[in-house]
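Q: Below are the structure tokens for one structure; questions will follow.
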Amino acid sequence: MEAIILAGGFGTRLRPLTYTRAKPLLPILNKPMISYLIESLPKEVSKVVIAANYKKEQLEDFFLKKDFGKEIIINEEPKPLGTGGAVKFAEKYITGTFLVLNSDIISSINFQEMIKLHRDKKATVTISLWPVENVREFGVVKIEEDGRITKFVEKPKPEEAPSNLINAGAYCMEQDVLDYIDTGRLVSMEQEVFPRIIDDGKGFYGYKIEGYWVDVGRIESYLKANQLLLDKLGLENAVGKGSKIRGTIRKSSIGNGAIVGRNSMVDSSIIFDGAIIGEGARVVNSVVGENSVVADGAILSNSVVGDGEEVKGIKENEVIWTKPIPKGYPRTQVGNVIRA
Ligand code: GDD
Ligand code: MG
Numbered sequence: 002m003e004a005i006i007l008a009g010g011f012g013t014r015l016r017p018l019t020y021t022r023a024k025p026l027l028p029i030l031n032k033p034m035i036s037y038l039i040e041s042l043p044k045e046v047s048k049v050v051i052a053a054n055y056k057k058e059q060l061e062d063f064f065l066k067k068d069f070g071k072e073i074i075i076n077e078e079p080k081p082l083g084t085g086g087a088v089k090f091a092e093k094y095i096t097g098t099f100l101v102l103n104s105d106i107i108s109s110i111n112f113q114e115m116i117k118l119h120r121d122k123k124a125t126v127t128i129s130l131w132p133v134e135n136v137r138e139f140g141v142v143k144i145e146e147d148g149r150i151t152k153f154v155e156k157p158k159p160e161e162a163p164s165n166l167i168n169a170g171a172y173c174m175e176q177d178v179l180d181y182i183d184t185g186r187l188v189s190m191e192q193e194v195f196p197r198i199i200d201d202g203k204g205f206y207g208y209k210i211e212g213y214w215v216d217v218g219r220i221e222s223y224l225k226a227n228q229l230l231l232d233k234l235g236l237e238n239a240v241g242k243g244s245k246i247r248g249t250i251r252k253s254s255i256g257n258g259a260i261v262g263r264n265s266m267v268d269s270s271i272i273f274d275g276a277i278i279g280e281g282a283r284v285v286n287s288v289v290g291e292n293s294v295v296a297d298g299a300i301l302s303n304s305v306v307g308d309g310e311e312v313k314g315i316k317e318n319e320v321i322w323t324k325p326i327p328k329g330y331p332r333t334q335v336g337n338v339i340r341a
């Protein structure tokens, strides 16, 4: 079986970290987050197609060095084709029932169970579901008692949401789905393809995930995913190779070769490789990018610092990036939000 991982988004809500890095490679406990997804795939999935676009060279580099025991294909789109268009663009690799996965999810999904339900129901599409309080940023479904989904609305106004069950970003599909996607244009799976398949009366089912689920879409949820995995693994901190911890660290990930200076405190934060936290500095609920420096005595709280920056003084609720924005990087959110 093949799995297509949608890994081509710009990750605009995670800037400035994504100015320099493909979102799926953001570290969680010092491991690129796409690793967790690939490691959770069942044996039956022997081929993984990475639907790439933005920063695809970084993804190529990563997969050249790391062996997951599965064939990995980097499939570069000539331009962003959206969540549906990217799947169509991978058509040549699909040989039967297949999976489609958003690359920015950390969850306890049991793929074997989802695939079994898909087969038992003889479904055309089975999507994973998760309950949330605020549905605004997600795809929302109406589901019947037998698990059949009768409505799918992407990012509805709260008053128009048919339930609190959202699309959790992992699908099992039959090849007929590909007939619903035009070649070569931007197509949103969520806005165009799913509603049409449901309207056509095809078997469209929901599989409820049990355990945990986080969409690493924003800095807050990125920090939350880091906390969650520390808790799940029973770790107080994750500390990378060659790092020097001279201050106090709590509930944080510290990258390889990072330095946490004397009398400093890092709490509920993510510190990337090679970053330096100066003496007496405090970093709380923040992300510090690769090789960045938080000066001696500085205070950083609820903030994000891009790669290679220097922070002095007191920073609260700030996004720190002083360099030019990379050419071609969108000003606003794109991905599946664009209407074709
Ligand atoms: N290859 C490729 N090309 N990948 C893309 C493109 C594209 O043009 N656009 C987006 N992606 C990838 C992103 O990198 C991400 O892994 C995935 O597709 C979903 O895009 P997001 O931009 O993260 O979407 P979202 O978080 O707003 O909403 C999606 O996820 C929610 C769950 O987290 C939707 O699928 C919602 O329905 C869902 O509830
Ligand atoms: Mg997302």
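Using our numbering, the first residue of the sequence shown is number 2, and each one after it goes up by one. Backbone N, C-alpha and C fix where the C-beta goes; we use that ideal spot for every residue, glycine too.
Can you tell me the Cβ-Cβ gap for V142 and L179, rounded? I've got them flagged as a contact below 8 Å.
A: As a first step, residue 142 is located in the sequence shown; it is residue number 141 there, counting from the start. As a first step, residue 179 is located in the sequence shown; it is residue number 178 there, counting from the start. With 8 Å as the limit, V142 and L179 do not qualify as a contact, their Cβ atoms being about 22 Å apart.
Q: Give me the residue from Y213, I182 and F195 with the minimum Cα distance to Y172.
A: Mapped onto the sequence shown, residue 172 falls at position 171. Nearest option by C-alpha distance: F195.
Q: Taking 8 Å as the cut-off, decide whether the C-beta atoms of M34 and V217 are in contact.
A: For this step, residue 34 is matched to residue 33 along the sequence shown. For this step, residue 217 is matched to residue 216 along the sequence shown. Result yes, Cβ atoms of M34 and V217 sit closer than 8 Å.
Q: Can you tell me which of the three DSSP states N292 falls into?
A: Within the sequence shown, numbered from 1, the residue matching residue 292 stands at position 291. Residue state, collapsed to three classes: coil.
Q: Taking just the CA atoms, how far does Y206 sit from I271?
A: Locating residue 271 in the sequence shown gives position 270, counting from the first residue. Locating residue 206 in the sequence shown gives position 205, counting from the first residue. So the alpha carbons of these two residues sit roughly 37 Å apart.
Q: Given this structure, state the Cα-to-Cα distance separating P327 from K117, to the nearest angstrom.
A: Residue 327 sits at position 326 when you count from the first residue of the sequence shown. Residue 117 sits at position 116 when you count from the first residue of the sequence shown. For P327 and K117, the distance between alpha carbons rounds to 44 Å.
Q: Out of curiosity, what's the CA-to-CA distance linking Q192 and G85?
A: On the sequence shown, residue 192 is found 191 positions in, with the first residue counted as 1. On the sequence shown, residue 85 is found 84 positions in, with the first residue counted as 1. Approximately 9 Å, taken between the alpha carbons.
Q: Whole angstroms is fine: what's the gap from P325's alpha carbon to E160's?
A: For the purposes of this step, residue 325 is identified with residue 324 of the sequence shown, where counting begins at 1. For the purposes of this step, residue 160 is identified with residue 159 of the sequence shown, where counting begins at 1. Approximately 40 Å, taken between the alpha carbons.
Q: Should the segment 139-153 be regarded as contacting the segment 92-111, the criterion being three or more beta carbon pairs within less than 8 Å?
A: no
Q: Who are the Cβ neighbours of K48 in its own chain at under 6 Å, not counting the five residues just before and after it?
A: Translated into positions along the sequence shown, residue 48 becomes position 47. The answer, listed in chain order, is E3 and E72.
Q: If you follow the beta strand (DSSP E) that G170 is part of, which residue opens it and which one closes it?
A: To locate residue 170, count along the sequence shown from 1; it is residue 169. First-last of the beta strand (DSSP E) with G170: L166 to M174.
Q: When you compare only the Cα positions, how much space is there between N337 and E280?
A: Taking the first residue of the sequence shown as position 1, residue 337 is located at position 336. Taking the first residue of the sequence shown as position 1, residue 280 is located at position 279. Per-residue confidence for N337 stands at a pLDDT of 49, beneath the threshold of 50, marking its modelled position as unreliable; the derived number appears in the next sentence. Going from the Cα of N337 to the Cα of E280 covers about 43 Å.
Q: Beta carbon of N168: closer than 7 Å to some heavy atom of the ligand HEM?
A: Within the structure as shown, the ligand HEM is missing, the only ligands being the ligand GDD and the ligand MG.
Q: How is M2 classed by DSSP in three states: helix, strand or coil?
A: To locate residue 2, count along the sequence shown from 1; it is residue 1. Looking at M2 - three-state DSSP - the assignment turns out to be coil, as it is neither helix nor strand.
Q: Cα separation between A87 and A299?
A: Counted from its first residue, the sequence shown places residue 87 at position 86. Counted from its first residue, the sequence shown places residue 299 at position 298. Rounded to the nearest angstrom, the two C-alpha atoms are 44 Å apart.
Q: Does the distance from the C-beta atom of P28 to that of S304 stay below 8 Å?
A: Counting from one through the sequence shown, the residue named residue 28 turns up at place 27. Counting from one through the sequence shown, the residue named residue 304 turns up at place 303. Taking 8 Å as the Cβ cut-off, P28 and S304 do not qualify as a contacting pair.
Q: Look at the Cβ atom of I75, then the Cβ atom of K93, and state whether they are nearer than 8 Å.
A: For the purposes of this step, residue 75 is taken as the residue at position 74 of the sequence shown. For the purposes of this step, residue 93 is taken as the residue at position 92 of the sequence shown. No, these two residues do not count as a Cβ contact at 8 Å.
Q: For P79 and K245, what's the separation of their Cα atoms in angstroms?
A: The count along the sequence shown starts at 1 and reaches residue 79 at position 78. The count along the sequence shown starts at 1 and reaches residue 245 at position 244. Computed Cα separation, rounded: 43 Å.
Q: From the DSSP output, read off the bridge partner residues of V101.
A: Within the sequence shown, residue 101 is the residue found at index 100, counting from 1. According to DSSP, V101 bridges with I5 and Y172.
Q: Along the beta strand (DSSP E) that carries R283, what are the first and last residues, could you check?
A: By 1-based counting over the sequence shown, the position of residue 283 is 282. Where R283 is concerned, the enclosing beta strand (DSSP E) stretches over R283 to V285.
Q: With a threshold of 7 Å, establish whether the CB of N103 neighbours any heavy atom of the ligand GDD.
A: Your numbering for residue 103 matches position 102 in the sequence shown. Correct: N103 has its Cβ closer than 7 Å to the ligand GDD.
Q: Go ahead and label E211 buried or exposed: buried means 16 or more other beta carbons lie within 10 angstroms of its beta carbon, across all protein chains shown.
A: As a first step, residue 211 must be located in the sequence shown, where it is residue number 210. Only exposed fits E211, as fewer than 16 other CB atoms lie within 10 angstroms of its CB.
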